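This report refers to the structure that appears directly beneath it.
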Amino acid sequence: MPGKKDASSSACRWGKRSIRVWEKGDGPDYRSIFFDIQLDTQREGRSCGMCGIVGYIGTRKVVPILIEGLRRLEYRGYDSAGLVYEHGGRLVKYRAAGKLSNLEAEVDENIGVASHTGIGHTRWATHGAPTRDNAHPHSDCTGELVVVHNGIIENYGRLKKELEAKGHRFASQTDTEVLAHLIEEYLDDDLVTAVREALARVEGSYALGVLWAGDPDTLVAARNHSPLVMGVGEDACFIASDVPALLPYTRQVIFLDDRELAVLSRGSYTVMDVDDGAVLDKEVRTIDWNAAMAEKGGFKHFMLKEIYEQPQAILNTVSGRIVPDTGAVELPEIGLDDDAIRSIRRIALVACGTSWHAALVAKYWIEKWAGIPVEVDIASEFRYRRLLLGPDVLTISISQSGETADTLAGIRLAAELGSRVVTICNVVGSTMTREADGVIYTHAGPEIGVASTKAFTSQLAALFLLTLYLGQVRGTMDPATGKALATGLVGVATVIEEELPRMQEQIRVLIEDYYDARDFLFVGRGLNFPIALEGALKLKEISYIHAEGYAAGELKHGPIALIDRDMPVLALVPRDSVYQKTVSNVEEIKARQGRLVLIGTAGDEHLARLTDDVLYLPPVHEELNPLLYTIPAQLLSYEIANRRGCDVDQPRNLAKSVTVE
Ligand code: M6R
Numbered sequence: 005m006p007g008k009k010d011a012s013s014s015a016c017r018w019g020k021r022s023i024r025v026w027e028k029g030d031g032p033d034y035r036s037i038f039f040d041i042q043l044d045t046q047r048e049g050r051s052c053g054m055c056g057i058v059g060y061i062g063t064r065k066v067v068p069i070l071i072e073g074l075r076r077l078e079y080r081g082y083d084s085a086g087l088v089y090e091h092g093g094r095l096v097k098y099r100a101a102g103k104l105s106n107l108e109a110e111v112d113e114n115i116g117v118a119s120h121t122g123i124g125h126t127r128w129a130t131h132g133a134p135t136r137d138n139a140h141p142h143s144d145c146t147g148e149l150v151v152v153h154n155g156i157i158e159n160y161g162r163l164k165k166e167l168e169a170k171g172h173r174f175a176s177q178t179d180t181e182v183l184a185h186l187i188e189e190y191l192d193d194d195l196v197t198a199v200r201e202a203l204a205r206v207e208g209s210y211a212l213g214v215l216w217a218g219d220p221d222t223l224v225a226a227r228n229h230s231p232l233v234m235g236v237g238e239d240a241c242f243i244a245s246d247v248p249a250l251l252p253y254t255r256q257v258i259f260l261d262d263r264e265l266a267v268l269s270r271g272s273y274t275v276m277d278v279d280d281g282a283v284l285d286k287e288v289r290t291i292d293w294n295a296a297m298a299e300k301g302g303f304k305h306f307m308l309k310e311i312y313e314q315p316q317a318i319l320n321t322v323s324g325r326i327v328p329d330t331g332a333v334e335l336p337e338i339g340l341d342d343d344a345i346r347s348i349r350r351i352a353l354v355a356c357g358t359s360w361h362a363a364l365v366a367k368y369w370i371e372k373w374a375g376i377p378v379e380v381d382i383a384s385e386f387r388y389r390r391l392l393l394g395p396d397v398l399t400i401s402i403s404q405s406g407e408t409a410d411t412l413a414g415i416r417l418a419a420e421l422g423s424r425v426v427t428i429c430n431v432v433g434s435t436m437t438r439e440a441d442g443v444i445y446t447h448a449g450p451e452i453g454v455a456s457t458k459a460f461t462s463q464l465a466a467l468f469l470l471t472l473y474l475g476q477v478r479g480t481m482d483p484a485t486g487k488a489l490a491t492g493l494v495g496v497a498t499v500i501e502e503e504l505p506r507m508q509e510q511i512r513v514l515i516e517d518y519y520d521a522r523d524f525l526f527v528g529r530g531l532n533f534p535i536a537l538e539g540a541l542k543l544k545e546i547s548y549i550h551a552e553g554y555a556a557g558e559l560k561h562g563p564i565a566l567i568d569r570d571m572p573v574l575a576l577v578p579r580d581s582v583y584q585k586t587v588s589n590v591e592e593i594k595a596r597q598g599r600l601v602l603i604g605t606a607g608d609e610h611l612a613r614l615t616d617d618v619l620y621l622p623p624v625h626e627e628l629n630p631l632l633y634t635i636p637a638q639l640l641s642y643e644i645a646n647r648r649g650c651d652v653d654q655p656r657n658l659a660k661s662v663t664v665e
């Protein structure tokens, strides 16, 4: 399996943490892994963990291509931006703090310059202020060599001291600038060799693009633990942190792997191993996304467009995976035969953020319908606790991007411990998909809004399919039930499609009483408890209102003390098997003068007696309520954030792909 490393290589790679792997007497197949985390908080790096980089070398004018690429990558980071292009043997550099529009204003007069080679960057700062001086590209002492970088150079402090002692002068606080000077140090007349020699000294993660005025017909790119994709067009080559930046120009791409370096020129390229320089034969893949999929398409925000795309995203995810006549589910891409599925003793679900909420829902489903114990972990916890994993534990990562650093580290550990790894992922060719034994792709299309919406519901659809498949193979679910549930899954997409405009209209009116709230609670029970968590996450991340999600039954163990007129509570109260229990909890809130927004099943008049603010949804199969009840929670967050004038698609302090831990 590519990317699988043994524990000792892992320890060596990161230097600052040591790993001990030891056998545990929990059965002959089990090993445990234990980490000593040492000095990990004292990272030297001061750069951009989740930035976007873009590069072009070809025959078209480069500046509009760089700006458009950065626009499509801005979701990755938007603290500052910069670009550099080659013109008349010189490198011309522009940088600006803040959003991309600031850079556009700077470069405006030269947008049509006759340059055909350049690189650009949009930054999400991990350390070091998001100032113009810290914005990329960064230059060497001469200003003739420039670098854009996504990642963290762990040993930048030591390298910087060494370079300063040799007379290099630094102009920023970033680790990236070290790369420029280090390459300069090794540069004679061969850029590729200099980059390779510099990278041999570097510890940490990078996706980088390098230009040198001395060799303007060459763009060098390299990758280690940060995503980087090459685009191949006629008479042109591209690099980008993510596929959407390439879509207007080409759908032919090459995903670079760790410790690979690409040498790009007009219409040709070479990919080689950074360490030994061996030329590699890389697969060119065709992406089935198109440029329009990464546009707003008439919607005010990507988030709203993506909310409306959910019925299609669910159907795309289900499509081809359910046999129409029988309702049987087919998932050959999971990479496990029936015997292997029957021998699974436990499932470990690993994810972050919204994807973790999808995992929480899946625990209810899989345990109920497939009878397999499921544990759910936040990846940043999973990777630093003692793991009891072995060949009969199936580890499943869930990730929209397939690049989330903690989740990726989690599956690498699971693989080291002998667990089979399946990933549920939206981005074709992403690192997780290349490292897992099996992949269930969600087919949601590019998700650009930082707040995850369609990725979440399509993850739920994929997890529901997986549940049905496991139940079917293990014989824990009778075929008639399987068929009813499979049919219900397809049906819920139609219900969402039909109800979306009405829901949005009603919520737009309703939020007038709530948009200026300072705090919000979301509550639900059973399958809807994770949806309460998801609703709270959506609201806080895009509207900056403090919000918490709770299992409704937990309220009286503490949080009910918060209830007063200033603490609105959104309760998910479908007519399901825990309906009476949830209603009791809602009554308790009302008895304490709580302001209620209720979302329940059409025809439930009792809810209307509890509050004026009820949103009714059509009944669907109880198991599928999480897909349906997510939609009003998303819309409420969207409408409140929009009403408050927040930057819905690019909320402060966030980035779409969290590629550093
Ligand atoms: O790409 P991933 O699904 O691995 O990302 C995980 C989280 O970073 C992501 O879901 C995040 O919580 C979203 N901003 C939530 O809307």
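First residue of the sequence shown? That's 5 in the working numbering, and the numbers climb one at a time after it. Where a beta carbon is used, it is the ideal one built from N, C-alpha and C, also for glycine. Computed from a predicted model, the values in this text were never measured in an experiment.
Shown here, I549 sits in coil according to DSSP, grouped into three states, outside any helix or strand. By the Cβ neighbour-count rule, S347 is exposed, with fewer than 16 other Cβ atoms within 10 Å of its own. A distance below 8 Å between beta-carbons, with the five flanking residues on each side excluded, links I351 to the following residues of its chain, in chain order: I370, I376, P377, V378, E379, V397, L398, T399, I400. Comparing C-alpha distances from G414 to each of V431, N430, L392, V432 shows the shortest one belongs to L392. The alpha-carbon separation between V224 and A129 amounts to approximately 23 Å. One alpha carbon belongs to L412, the other to A440, and they sit about 10 Å apart. Rounded to the nearest angstrom, the Cβ distance from G62 to D292 is 23 Å, too far for a contact under 8 Å.
Not one heavy atom of the ligand M6R lies closer than 7 Å to the C-beta of S547.
Here T408 carries a coil assignment [DSSP, helix/strand/coil].
For Y633, the enclosing alpha helix (DSSP H) starts and ends at 629-647. The continuous stretches of alpha helix (DSSP H) do not include Y518, and DSSP gives it neither H nor E.
Rounded to the nearest whole angstrom, the CA to CA distance from T135 to A175 is 12 Å. V431: not part of any beta strand (DSSP E); DSSP gives it neither H nor E. If you draw a straight line from the Cα of V58 to the Cα of G73, it is about 6 Å long.
Judged by DSSP in its simplified three-state form, T180 adopts helix. Per DSSP, the continuous beta strand (DSSP E) segment holding K97 begins and ends at 94-101. The three-state reading of DSSP puts H153 in strand, counting E and B together. For L493 against A465, the beta-carbon gap comes to about 6 Å, under 8 Å, which counts as contact. Contact check for S84 against A109 fails: the beta carbons are separated by 8 Å or more.
In the three-state reduction of the DSSP assignment, G414 falls in the helix class.
Relative to H125, the option among P68, G562, V88 whose CA is nearest is V88.
Non-local C-beta neighbours of A418 in its own chain, meaning closer than 6 Å and more than five positions away in sequence, comprise L393, T399, V425, ordered along the chain.
In summary, R387 is buried, with 16 or more beta-carbon neighbours lying within 10 Å of its beta-carbon over all protein chains present. In this structure the segment 199-215 lies against the segment 141-156, because at least three pairs of beta carbons, one per stretch, are closer than 8 Å.
Relative to the ligand M6R, C356 has its C-beta within less than 7 Å of a heavy atom. For V590, the enclosing alpha helix (DSSP H) begins and ends at 583-595. For the pair of segments examined, the segment 451-466 was found to touch the segment 303-312: the number of CB pairs separated by less than 8 Å reaches three.
Non-local beta-carbon contacts of D410 in its own chain, meaning distances under 7 Å to residues more than five positions away in sequence, involve C356, A383, S384, R387, E665 in chain order.
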